[in-house]
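Report on one structure; see the data block that follows.
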Amino acid sequence: MTEADPLRLLAVHAHPDDESSKGAATMAKYVAEGVRVLVATCTGGERGSVLNPALDRPEVWERLPEIRRDEMARAREILGVEQEFLGFVDSGLPEGDPLPPLPEGCFALVPTEEAAAPLVELIRRFRPHVITTYDERGGYPHPDHIKTHEVSVHAFDAAGDPDRYPGLGQPWQPLKLYYHMSFSLPRLQALHGAILASGAESPYTEWLESWDPERDMSHRVTTKVPCAEYFAVRDAALIAHATQIDPTGRWFACPLEVQQRVWPTEDYELARSVVDSAVPEDDLFTGVRSEVGVR
294 MTEADPLRLL
304 AVHAHPDDES
314 SKGAATMAKY
324 VAEGVRVLVA
334 TCTGGERGSV
344 LNPALDRPEV
354 WERLPEIRRD
364 EMARAREILG
374 VEQEFLGFVD
384 SGLPEGDPLP
394 PLPEGCFALV
404 PTEEAAAPLV
414 ELIRRFRPHV
424 ITTYDERGGY
434 PHPDHIKTHE
444 VSVHAFDAAG
454 DPDRYPGLGQ
464 PWQPLKLYYH
474 MSFSLPRLQA
484 LHGAILASGA
494 ESPYTEWLES
504 WDPERDMSHR
514 VTTKVPCAEY
524 FAVRDAALIA
534 HATQIDPTGR
544 WFACPLEVQQ
554 RVWPTEDYEL
564 ARSVVDSAVP
574 EDDLFTGVRS
584 EVGVR
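Next up, the structure:
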């Protein structure tokens, strides 16, 4: 790989902190290998909650949008990635039965053709070879995650078409599109079993008891990226989002060395590819390196 022609990865996420909880170790690994990595953050997380009890204070809530941008800046520096906000407004996570309507003007209500325009422009400017995003469920049913999926797929198809979105830069066709698949039942079971085998109490017992097998998408995994040595970087980036993560909570309950030994990969589904790439894979750039002449 030459400095003049690096591989490029674009990770599309809904809110600040999503990039650190999904695919962060993969990004840190590729950055260390000389890949240019850019995170596109669709919203500013303005309607998010304060999920760290230590910061659940009125003065934090009053400045939450500003604080979340500052947290994003710290996480970006830890991961070594580039990052841009696409400028949409957080939709919030509606609760209740029936669910209340989404707020007017929020990201989830923007028509997909319109919402994809900033991402198409970014793709044509950054020219990524690979894009990562969420599956059709959004990973979990947050309206902004589902919209992020829709926008990412739309932009992947549109960015290379000279007849679509004229005026938003020269067409560029990304070569591969992946969905995050790291939160799977086999992974949780493996971590749970390893903790119990050590004689400790597993924080995942209740979670597994209530797990709906229909939610598990592990059969769709095509690509496992070995990145255990970057799990500590991932965790540091996530902790930088201090309003969004409790450092004493379940997220960090499994010892790092157990995670590295038992499940040393971050997992993906190859959703689209315009290059030859036999699965299973261990590299998001399988088939890309030879296509673009990068070694």
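Numbering-wise (the numbering used here), the sequence shown opens with residue 294 and increments by one. For every residue, glycine included, the Cβ atom is placed at its ideal position computed from N, Cα and C. Bear in mind that the values here come from a model prediction, so they are computed numbers and not experimental data.
Counting along the chain, residue 560 sits inside the beta strand (DSSP E) bounded by residues 558 to 566. Annotation for residue 381: no alpha helix (DSSP H) segment contains it, though the beta strand (DSSP E) segment containing it runs 375 to 381. Straight-line measurement puts the Cα of residue 311 at about 10 Å from the Cα of residue 530.
In this structure, residue 539 lies near residue 345, with their beta-carbon atoms less than 8 Å apart. About 4 Å separates the CB atoms of residue 385 and residue 340; that is less than 8 Å, so the two are in contact. Within the same chain, and ignoring the five residues on either side of residue 523 in sequence, the residues whose Cβ sits closer than 6 Å to its Cβ are 318, 321 and 322. A check of alpha carbon separations from residue 502 across 368, 482 and 487 identifies 482 as the nearest.
Look at residue 333 here: in three-state DSSP terms it is strand. Residues 495, 547 and 551 of the same chain have their beta carbon placed closer than 7 Å to that of residue 488, with the five preceding and five following residues left out of the count. Here the alpha carbon of residue 541 sits roughly 18 Å from the alpha carbon of residue 484. For residue 413, the secondary structure class from DSSP, reduced to helix, strand or coil, is helix.
Within the same chain, and ignoring the five residues on either side of residue 437 in sequence, the residues whose Cβ sits closer than 7 Å to its Cβ are 307, 308, 335, 336, 383, 384, 400 and 401. Around the beta carbon of residue 479, a 10 Å sphere encloses fewer than 16 other beta carbons of the protein chains shown; the residue is thus reported as exposed. Taken through DSSP and simplified to helix, strand or coil, residue 541 comes out as coil. Residue environment: residue 580 is assigned as buried (16 or more neighbouring CB atoms within 10 Å of its CB, all protein chains considered).
A direct Cα-to-Cα measurement between residue 565 and residue 350 gives close to 44 Å. Secondary structure of residue 533 (DSSP, three-state): helix. Comparing alpha carbon positions, the residue from 430, 544 and 352 closest to residue 527 is 544. Sequence-distant Cβ neighbours of residue 471 in its own chain, meaning closer than 8 Å and more than five residues away, are 423, 424, 425, 426, 516, 561, 562, 563, 564 and 577. Taking every protein chain shown into account, the CB of residue 441 has 16 or more other CB atoms within 10 angstroms, so this residue is buried.
Excluding sequence positions up to five before and after residue 415, its CB lies within less than 7 Å of the CB of 333 and 377, all in the same chain and listed in chain order.
With respect to the 8 Å criterion, residue 331 and residue 375 are classified as neighbours on the basis of their beta carbons. DSSP places residue 516 in the strand class (E or B) of the three-state scheme.
Cα atoms of residue 463 and residue 453: separation of roughly 8 Å, rounded to the nearest angstrom. Here residue 315 carries a coil assignment [DSSP, helix/strand/coil]. Note on geometry: alpha-carbon atoms of residue 521 and residue 392 lie some 40 Å from one another.
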